[in-house]
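Contents: one structure, followed by commentary.
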Amino acid sequence: MGPDRETLSVPLHPKIVAEIGIHAILEIPAAKRYNLLTIGDPERNPLQPEGLGMSDGAMSWRSWVACALLGVGIGTAILIYEASPAWAVKDWNRTDDPMKGGIGAHAGKIGGVGLAYKYPPIWWLNIQIAGAIWHTQDNKRHNIGLMLQYILRQDAKVRLYGAGGAGYFYHKKREDGDSYTTSEVVNAGLGVGVEYLLGERLSLQVEGDFTYEGDDKDIKFLPQLGVFFYF
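At position 92 of the sequence shown the residue is numbered 122 (my numbering), and the sequence of numbers has no breaks.
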């Protein structure tokens, strides 16, 4: 192989790598589309900004078919689920099934980012904990958040609640050689939220909080979002 065709020694842009992976799943030769073996030609170099993304070429018919089938599949599943008798029962106040525990995902600067669990020790009070851990050799992150939710109003489908809590965020990153930078932040805040019962056991939670950010000492009104499945 000539010197103008040395491809493997050049780090690919993440967008290119992601699209190659997508096209590989769809059995489309994305590497050929990007002409990766002509990396020595600056006019065809895929690392140039104008060569990134999917806007530089028409989407293949297999990609369209895959997206269409995925959309039809998701839509059909939702319609079938909504038509089922269990999905039709949307009531927080059911006496036969109080739905005490919930698992799901949460994102917020107070309540944490990652997997979440919530449980009511008393029917009008929910304790929610959420967090995640992501550790690699050069990048270490973890966080955990704790929230208390006091139910102000509850009907069949909607809960209105007041909330308060705190979250801890840790990040350690390698800079050069054995040099690391570390940040530890504790956020806290108070706010109000709404939790809507989408189905028999699935809910969507939207919250707004006055948040004290421990890194810059600012107080901002920030959103939090959660999705839960009750059992």
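From the three backbone atoms N, C-alpha and C, an ideal C-beta is built for every residue, glycine too.
One or two residues paired with residue i in a DSSP bridge
i, result
"residue 253", "238"
"residue 243", "The partner list for residue 243 (beta bridge, DSSP) is empty, contrary to what the question assumes."
"residue 173", "162, 199"
"residue 224", "190, 236"
"residue 120", "The partner list for residue 120 (beta bridge, DSSP) is empty, contrary to what the question assumes."
"residue 132", "148, 260"
Helix, strand or coil at residue i [DSSP, three-state]
i, result
"residue 214", "strand"
"residue 203", "strand"
"residue 231", "coil"
"residue 156", "strand"
"residue 164", "strand"
"residue 261", "coil"
"residue 148", "strand"
"residue 181", "strand"
"residue 140", "coil"
Supposed contact pair residue j and residue i - C-beta distance, whole angstroms, cut 8 Å
i, j, result
"residue 139", "residue 197", "6 Å"
"residue 144", "residue 261", "Not really, about 19 Å apart at Cβ, beyond 8 Å."
"residue 256", "residue 134", "6 Å"
"residue 137", "residue 254", "7 Å"
Quick check: the stretch 160 to 169 against the stretch 184 to 194, are at least 3 beta-carbon pairs closer than 8 Å? no
Spell out a yes or no on whether the stretch 224 to 236 and the stretch 120 to 135 are touching, meaning 3 or more CB-CB pairs, one atom from each, closer than 8 Å. yes
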